[in-house]
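Report on the following structure.
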Amino acid sequence: SQQGEEDPQALSIQEGENATMNCSYKTSINNLQWYRQNSGRGLVHLILIRSNEREKHSGRLRVTLDTSKKSSSLLITASRAADTASYFCATDTGNQFYFGTGTSLTVIP
Amino acid sequence: NAGVTQTPKFQVLKTGQSMTLQCAQDMNHEYMSWYRQDPGMGLRLIHYSVGAGITDQGEVPNGYNVSRSTTEDFPLRLLSAAPSQTSVYFCASNPTGPFTEAFFGQGTRLTVV
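Printed below as a string of structure tokens:
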């Protein structure tokens, strides 16, 4: 079974609003990463948070990690139409790398 | 700087045919990986390599072979294609570890009929 699951599966917001998506996983991890995929393209790495970190920021992105709940969240602030994409979490378990099923984000101009 | 280059972009195979998906990177990364992406599912790791001559299995290795003779190239071979292997295949390279920041190619869309 898959290690990571995102929710919601789909999210539609107005430009300028914040977008939050969540990722839950099942086993202990070394790190958790978030990736973005524009339609028909390869994935682009956004941010990596290690298991001993609780929060990390990169530009308009804020990632939190709660290892006791085995969950992470990705917050995109002040969203733009260009943020429209699918977002995936990925977990490093030490000997395997698992991607979640993704959240499809639509930002309406 | 091309990054990770995959060829071909599209391919149609008949059941039982063999083929090799090519992947090349020009970033001198030690680590490379292959994934498949199916509708409604996240990417699943097929095989990965931690350096020239060293490969290991991922989550879904059956039906696929890999080898890594150079740092730059990491081809994925399908020996006898099956309809279940219809998918989009992504190659990636990593600078600091097999499961850290990954740089992805643009993908190969494979259909097996």
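Protein sequence lines correspond, in order, to chains A and B.
Following our numbering, the numbering of the first sequence begins with 723 at its first residue and continues without gaps.
Following our numbering, the numbering of the second sequence begins with 625 at its first residue and continues without gaps.
Where a beta carbon is used, it is the ideal one built from N, C-alpha and C, also for glycine.
Using CA coordinates, which residue listed in the options is at the minimum distance from residue i?
i, options, result
"Val-846/A", "Ala-812/A, Thr-806/A and Thr-823/A", "Since the first residue shown for chain A is 723 and the last is 831, residue 846/A is missing from the structure and cannot be characterised."
"Ile-735/A", "Phe-821/A, Thr-799/A and Thr-823/A", "Thr-799/A"
"Val-712/B", "Val-674/B, Leu-703/B, Ala-648/B and Gln-730/B", "Gln-730/B"
"Tyr-740/B", "Val-690/B, Asn-686/B and Asp-662/B", "In the structure as shown, chain B starts at 625 and stops at 737, and residue 740/B therefore has no counterpart that could be examined."
"Lys-792/A", "Thr-815/A, Ala-732/A, Arg-784/A and Lys-748/A", "Lys-748/A"
"Phe-723/B", "Leu-770/A, Leu-827/A, Thr-823/A and Asp-814/A", "Asp-814/A"
"Leu-796/A", "Glu-737/A, Gly-822/A, Ala-741/A and Gln-725/A", "Ala-741/A"
"His-653/B", "Thr-694/B, Leu-702/B, Asp-680/B and Asp-662/B", "Thr-694/B"
"Glu-739/A", "Gln-755/A, Gln-731/A, Thr-786/A and Arg-782/A", "Arg-782/A"
"Thr-823/A", "Gly-687/B, Pro-663/B, Ser-708/B and Val-684/B", "Pro-663/B"
"Tyr-688/B", "Ile-678/B, Leu-703/B, Asp-680/B and Val-674/B", "Leu-703/B"
Would residue i and residue j be called neighbours here (beta carbons separated by less than 8 Å)?
i, j, result
"Thr-735/B", "Val-636/B", "yes"
"Ser-746/A", "Glu-727/A", "yes"
"Tyr-809/A", "Thr-789/A", "no"
"Arg-772/A", "Asn-753/A", "yes"
"Arg-660/B", "Ala-676/B", "no"
"Ala-726/B", "Ser-657/B", "yes"
"Val-766/A", "Arg-758/A", "yes"
"Gln-649/B", "Ser-717/B", "yes"
"Gly-721/B", "Gln-818/A", "no"
"Val-737/B", "Lys-633/B", "no"
"Leu-827/A", "Leu-768/A", "no"
On the criterion of 16 or more Cβ atoms from any shown chain inside 10 Å, does residue i qualify as buried, or is it exposed?
i, result
"Gly-764/A", "buried"
"Ser-723/A", "Note that Ser-723/A scores 49 on pLDDT, short of 50, meaning its location in the model is unreliable; the coordinates nonetheless yield the value given after this. By the 10 Å Cβ count, Ser-723/A comes out exposed."
"Ser-794/A", "buried"
"Phe-821/A", "buried"
"Ala-812/A", "buried"
How about the segment 663-683 of chain B and the segment 631-648 of chain B: do they share at least three Cβ pairs that are nearer than 8 Å?
-> Contact between the segment 663-683 of chain B and the segment 631-648 of chain B is not established, with fewer than three Cβ pairs separated by less than 8 Å.
Determine contact between the segment 698-709 of chain B and the segment 793-806 of chain A, defined as no fewer than three beta-carbon pairs at a distance below 8 Å.
-> Fewer than three beta-carbon pairs drawn from the segment 698-709 of chain B and the segment 793-806 of chain A are found closer than 8 Å, and the two stretches are therefore not classed as touching.
The segment 779-790 of chain A: which residues have C-beta closer than 8 Å to a C-beta of chain B, in chain order?
-> Listed by position, the residues of the segment 779-790 of chain A near chain B (Cβ gap below 8 Å) amount to none.
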